[in-house]
Amino acid sequence: MNFFEAQVHSMPSTLVTIIGKLYISRVVDKQNNIFIEGACSPARFEPELSLNLEICEMINKKQGSAPREAAFTIVKLINSKNINQAMLALTLLDNCVKNCGYPFHLQIATKEFLNELVRKFPERPAPFPNPVIQRILYLIKEWKVALTEISKHKDDLVHIKDMYRLLRFKGYRFPDLRDASVAALAPSDSLKSAHELEEEDRIAQSAKLQELIRRGRPQDLVEANRLMKIMSGFDTRQTPDYGQKFEDELAKIQDKTILLYEMLETVKPGERVDRNETIMDLKSACASAQPKIQKMITEEEDNDKIENLLILNDMINNAMAKFADIRKGLFDTHYEISGKPPTATSTEEAPRQAISLIDLDDSVDNTTTTPPPAQSTINDLSDIFGTNLTVSNTSSPAPSTQKTPDIFDLLGGASQPSAQYNTHISPPSSSFSSPIISSPSLPPPVQQGSTRTITLVNKNGLLIELEVKEQGSQCLMKAFYSNQSTAPMDQLMLRLAAPKSMQIKLEPQSSQALPPKSSRSITQIIALTNPQKEPLRLRYKITYEQFGVEMEIAGDYHD
């Protein structure tokens, strides 16, 4: 036994373990660096995905300091003078962000990493930036949308948003995002067991604890002390009930299954279910959860839990059978969906409640004001009917206790419409057409007037239905906004135009934020005067933001 071995044997076992782990960590980090440099070699003409994914797997397996070492090794290669090597490093960085989870996200959100990432950016953007800068701008915008807005740990990643704002302030323009790239970073809806949920939180807490200790500031050490109490089980008040969280996940899968079956029941002959985005999303969610449910049935020991899992598995089987029948052209088959949603629903509202079973609120308050539409927007809407037409757009919603500004302030004149359905509306003056309402007040609808429901828009997950009540030349419409997609819609605004023979006016929407998987969560009153009783003709333009990307839907409607 030599001197070194004697010293090791004389050390306490805990200290030997720590020294061993540190030594192994150094060796593994060096191995990672070798793989990273090989993947970004200038001799390569294109990235090798299999090697990049192997590097991601090594980072996930090692954890500890591996995410930080890998991130800073990659960013050094991004600043290489060789453009090919820099582009290969950016591809590897993108693969690591999408496959290494929160520990890696925490490192790319540090000030040191972000400053190093944009180190070669000029003070002011060049007219034609090189491809490396363009790719970095794309990644920063992607991280800003997917990590700082919809991520579970968005509060720990705020420096990404700060860098995004700084670059915009300096004049840099960010490229448009592809939906697929954002979806790859979005939180997964896959079913996770209580053990998997606990393990996911443990990995995130361990990575955060290590980063707090590395920084070493007084406030970081205080937070690290609090986090250690949670991880050790000393502070049980902050420890989630993972069993209950798993039960909530099962309830969501059950709700999605019921909703999928109810939507399939409404499919008519000739319709293509594979073109319905909502149905396909629900079908995918249920199908991906079923193998895990079947595995849990074989592993679970509690008879009551086994029975619940069997019922849920049968529900999914029936929903999948109904989907397969419709694909074959069989629309009159019926299966039993014996499960019940967690919250009781009334008989009258069953179809409407079914659309909002994804554990999300049906209405979101949003009082953020937005500027009125530009003159160019009004000109665009006038193309279908000529220059002499009535144009109306929504304004930001206001509390019911305050006076609502007139939606025609842009065109001149002012009035104070109320949010109530049967309130009189004063006619503002307009330089584009005759007065909006020919009479000084709009008569309230009466019971004898005809009532019908029309679909104004049904595209990209946005559904706008109009409940039309007609009485003579007067027509009152109530718009219902639904979001059938899995992403929220913000800054939602509807603009309408009618022929010069009609006058139209919109009251403010109840909100400008439309939650995902929500049914009729926003309402709006529309007043229309049709003296000549012509068929209804409308030109519409809808704008909103989804995942930070501006979206637009335009078209026309006619009876």
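Residue numbers (the working numbering): 572 to 1130.
No residue lacks a Cβ here, since even glycine has one placed at the ideal position from N, Cα and C.
Taking a 10 Å sphere around the C-beta of Val729, we find fewer than 16 other C-beta atoms and assign the residue as exposed. Tyr813 and Ile630 have their alpha carbons spaced roughly 26 Å apart. Counting only the Cα atoms, Glu720 lies some 21 Å from Asn1031. For Phe1051, no alpha helix (DSSP H) segment is defined; the enclosing uninterrupted segment is the beta strand (DSSP E) at Gln1045 to Asn1054. The alpha helix (DSSP H) runs lying completely inside the stretch 672-733 and spanning 4 residues or more are 672-679, 682-688 and 702-717, given in chain order. If one requires a minimum length of 4 residues, no alpha helix (DSSP H) run lies completely within the stretch 1080-1108.
Take the alpha-carbon of Glu1116 and the one of Met1122: they are about 6 Å apart. At the C-beta level, Gln1062 and Ser1081 stay beyond 8 Å of one another.
Here Asn1029 carries a strand assignment [DSSP, helix/strand/coil]. Between Ala856 and Lys827, the C-beta gap is smaller than 8 Å, which places the two residues in contact. Counting only runs of 4+ residues, the alpha helix (DSSP H) found wholly inside the stretch 843-896 occupies 848-870, in chain order. Taking the C-beta atoms as reference points, Cys611 is found no nearer than 8 Å to Pro638.
Closest in C-alpha terms to Phe643, from the list Met802, Asn603 and Ala614, comes Asn603. Residue range Val1120 to His1129 is occupied by the beta strand (DSSP E) that includes Ala1125. Under DSSP, Val668 takes part in no beta bridge, so it has no partner.
Secondary structure at Glu1078: coil, using DSSP grouped into helix, strand and coil. For Asp750, the enclosing alpha helix (DSSP H) has its first and last residue at Asp750 to Leu756. With a cut-off of 8 Å on Cβ pairs, the stretch 830-848 is in contact with the stretch 890-909, counting three or more such pairs.
Beta-bridge partners assigned by DSSP to Glu1116: Asp1061 and Glu1121. Residue pairing by DSSP places Gln776 opposite no residue, since no beta bridge is assigned to it. Between His1129 and Leu1107, the beta carbon gap of about 7 Å places them in contact (Cβ cut-off 8 Å).
When DSSP states are grouped into helix, strand and coil, Leu901 belongs to the coil group.
Judged by DSSP secondary structure, Gly814 falls within the alpha helix (DSSP H) whose first and last residues are Tyr813 to Glu836. Contact between the stretch 615-629 and the stretch 761-768 is not established, with fewer than three Cβ pairs separated by less than 8 Å. Look at Thr810 here: in three-state DSSP terms it is coil, with no helix or strand label.
When rounded, the separation of the alpha-carbon atoms in His676 and Val668 is 6 Å.
One alpha carbon belongs to Asp727, the other to Lys779, and they sit about 9 Å apart. Of Asp747, Leu661 and Tyr832, the smallest CA-CA separation from Met891 is found for Tyr832.
With fewer than three CB-CB distances shorter than 8 Å, the stretch 741-761 does not count as touching the stretch 783-796. Residue range Pro789 to Ser803 is occupied by the alpha helix (DSSP H) that includes Ser803.
Within the DSSP bridge table, the entry for Leu1034 names Asn1029 and Ser1053 as partners. For Thr1057 and Val1039, the gap between their C-alpha atoms comes out near 29 Å. Taking the CA atoms as reference points, Glu782 sits about 13 Å from Gln790.
For Gln1042, the pairing in a beta bridge is given by DSSP as Gln1045.
Take Ala697, set aside five residues on each side of it, and no residue of its chain has a beta-carbon closer than 7 Å to its own. Taking the CA atoms as reference points, Tyr906 sits about 11 Å from Ile887.
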